[in-house]
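Contents: one structure, followed by commentary.
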Amino acid sequence: MNPQPNRYVQPEVSEARIERVWRNVAQRLDERPSRAMRWLALGTVVSGLAVGAFFWLRSPPSSGLSEHALLAGAKLETKSDELAVTLSDGSSVKLRAQSEVQVQNSQSSSIALQLARGELWCDVTHREERKFKVVAGDVEVRVVGTQFSVKTTAGPNARVEVSVMRGVVEVVSARRPGIVARVGAGQRWIQDAESAPPAPARPPASAVEPESSEPAKREAPLPSAGAALPATSAAIPSGRELFEKAAESRRAGDAAAAAHAYEELLRLHPSDARASLSAFELGRLRMDRLGDLAGAITALERAVATNVGPSFREDALARLVSVYASQGNVAACQRARDRYLSSYPAGVHAAAVATRCAVH
Amino acid sequence: MKELLSHPPQPQPTKSGAGPSDAALVLAARAGEEWAREALFRRYVRMALGLAYRILPRDADLDDLVQDSFLAAFQRLDRLSNPQAFQAWLSSIIVRTAGKRLRRRKLQVRLGLLRSEPIDVEQVVSRSAPPDVSVELRAVYGLLEQLSVDERIALVLRRVERLEIPEIAERMKLSTSTVKRRLSAAEARLQRAIER
Chain W
1 MNPQPNRYVQ PEVSEARIER VWRNVAQRLD ERPSRAMRWL ALGTVVSGLA VGAFFWLRSP
61 PSSGLSEHAL LAGAKLETKS DELAVTLSDG SSVKLRAQSE VQVQNSQSSS IALQLARGEL
121 WCDVTHREER KFKVVAGDVE VRVVGTQFSV KTTAGPNARV EVSVMRGVVE VVSARRPGIV
181 ARVGAGQRWI QDAESAPPAP ARPPASAVEP ESSEPAKREA PLPSAGAALP ATSAAIPSGR
241 ELFEKAAESR RAGDAAAAAH AYEELLRLHP SDARASLSAF ELGRLRMDRL GDLAGAITAL
301 ERAVATNVGP SFREDALARL VSVYASQGNV AACQRARDRY LSSYPAGVHA AAVATRCAVH
Chain E
1001 MKELLSHPPQ PQPTKSGAGP SDAALVLAAR AGEEWAREAL FRRYVRMALG LAYRILPRDA
1061 DLDDLVQDSF LAAFQRLDRL SNPQAFQAWL SSIIVRTAGK RLRRRKLQVR LGLLRSEPID
1121 VEQVVSRSAP PDVSVELRAV YGLLEQLSVD ERIALVLRRV ERLEIPEIAE RMKLSTSTVK
1181 RRLSAAEARL QRAIER
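Protein chains in written order, with this note's numbering: chain W, 1 to 360; chain E, 1001 to 1196.
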């Protein structure tokens, strides 16, 4: 019998790709306004040129320069909604609400966007043959292959802010001719009305050079995106990092490392939102993969005690019955069985649980 | 469920054997637990990318399509009557999202905003495919661009995913008789392509 044909038609799926997709899904889930708000957002105005640019950005790179040239100068403008576009190489650009961007250059070898107001978020795939830059006022952000945003505020307190979530960008400002600041992941570059005059010396090529003269702004932590970023200064890994580390270790088949990460999460962040699930997963790993029945009981009991959630609690209680039975601890098994059956008389494990704890 | 307790490494409610059941995750996700959504995503993202790729193999927006599908799934979780059926439900969303994109793309081609390009069969079908499977897959992917959107999706689900007609109907939200008609038209052309 032949295997499933779909096995032979598979995309290349890297962990980095999965992470990128998840980040975007999570971000959109966080940002998604309610249905009612979305109806209100119908007031959004995106010019016809923006729609043209949308098609342009989605066209394959071989579409021809004449088509590109037609769209140079196109203006994208948002009011209460956002506009997201994806380039043919997988790069994506999102124009936040109340923002305006103009396509300065749209050649296949060079893309330049002028941010007139608001905020532009970019996730750009590195391509040697193409230059990608965003200009905001007298600041130019050259993309090396990264995820970043540029935000500009007009008026007397005019300000340009560049936040980098992944990779590196180069920032040059007309106020400091000849100086290139490299801004890396987790770092932010700010230029405001009070920015200092040009520094006399050029910094090392790899140094981050925030333009702001205020020391507090140097490498300021990113706002909401910060939680999803690797910690740049924290000595203790966050609950999220440990949870992700455990997931990575599991994917790599390293149960011991995964268990260790869960243990660390429970030790360092006992009140983290992921703690209960971590306890459950730790119990499962100890039980199924590590042969540590006593350790599994401790973890599963903790999961049950910390309100892991109705569905997980049911699984955890069923597993406790199983692990006590495996240990030959009839009294504990019977208690766990009764606990399960009293809570879930029609549960998915009820039939199996009811037959356990027999005295041999 | 008896097997769950007698063979702990292969718990029944967990298809992958790698964690809580889909039903448990769906219920937690419905309750607003972000980690549960993330767990569902990580469990099915490869399936989602694979299915989307097989329907739209040269689409540069594949990730976008998968993102949209997961987003739609998470936002409509309360409409999923059987939480354990998350995978099939997500597949259905992917299929319909892909269908919308295909229709939009066809329109763009018609308006001259996009060029119609053939699928690079050599790139799409793995060289490790057995000869008979390879012949069939090459014929399918060589034909796809000539089919209507419904015919194309039905053919991929039948010939590549090996789904039964009721499953295809469920994924495409069409009646079984409509699916049969679409498949019949596509299969006739496929047969001619294979015999050529």
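Glycine included, every Cβ here is placed at the ideal spot set by N, Cα and C.
Spanning the alpha carbons of residue 1121 (chain E) and residue 282 (chain W) requires a straight line of approximately 45 Å. Assignment of residue 105 (chain W) by DSSP, reduced to helix, strand and coil, places it in the strand class. Distance check between residue 332 (chain W) and each of W:183, W:294, W:238, W:242 places W:294 closest, using alpha-carbon atoms only.
If you check each beta-carbon in the stretch 1104-1126 of chain E against every beta-carbon of chain W, the ones closer than 8 Å belong to 1108, 1113, 1114, 1115, 1117, 1124, 1125, 1126. Across the stretch 268-285 of chain W, CB contacts with chain E closer than 8 Å involve 273, 274, 277, 280, 281, 284, in sequence order along the chain. A direct Cα-to-Cα measurement between residue 191 (chain W) and residue 1041 (chain E) gives close to 38 Å. For residue 111 (chain W), the enclosing beta strand (DSSP E) covers residues 110-123. The beta carbons of residue 261 (chain W) and residue 277 (chain W) sit no closer together than 7 Å. Where residue 163 (chain W) is concerned, the enclosing beta strand (DSSP E) starts and stops at 159-166.
Here DSSP, grouped into helix, strand and coil, assigns residue 175 (chain W) to coil. Annotated as distal: residue 303 (chain W) and residue 320 (chain W), with beta-carbon spacing of 7 Å or more.
For residue 1095 (chain E), the secondary structure class from DSSP, reduced to helix, strand or coil, is helix.
Spanning the alpha carbons of residue 286 (chain W) and residue 7 (chain W) requires a straight line of approximately 32 Å. In the DSSP assignment, residue 136 (chain W) falls within the beta strand (DSSP E) that extends over 131-136.
The beta-bridge partner set that DSSP reports for residue 1067 (chain E) is empty. Residue environment analysis places residue 236 (chain W) among the exposed positions, since fewer than 16 neighbouring C-beta atoms fall within 10 angstroms of its C-beta. Within the stretch 1061-1089 of chain E, 1061, 1062, 1063, 1064, 1066, 1067, 1070, 1071, 1074, 1075 place their CB atoms closer than 8 Å to a CB of chain W, listed in sequence order. In the same chain as residue 344 (chain W), and ignoring 5 residues on each side of it, the C-beta atoms closer than 7 Å to its own belong to 314, 350, in chain order. Rounded to the nearest angstrom, the gap between the Cα atoms of residue 1032 (chain E) and residue 25 (chain W) is 15 Å. Nearest CB-CB separation between residue 10 (chain W) and chain E: below the 7 Å threshold. Shortest Cα-Cα distance from residue 1153 (chain E) to any of E:1079, E:1102, E:1086, E:1133 involves E:1102. For residue 238 (chain W) and residue 27 (chain W), the gap between their C-alpha atoms comes out near 19 Å.
Going by beta carbons, residue 1091 (chain E) and residue 1171 (chain E) fall inside the 7 Å limit. Annotation for residue 1180 (chain E): the continuous alpha helix (DSSP H) segment containing it runs 1176-1195. Contacts with chain W at 7 Å (Cβ-Cβ) do not include residue 1166 (chain E). Ranked by Cα distance from residue 125 (chain W), the options W:112, W:147, W:135 are led by W:147.
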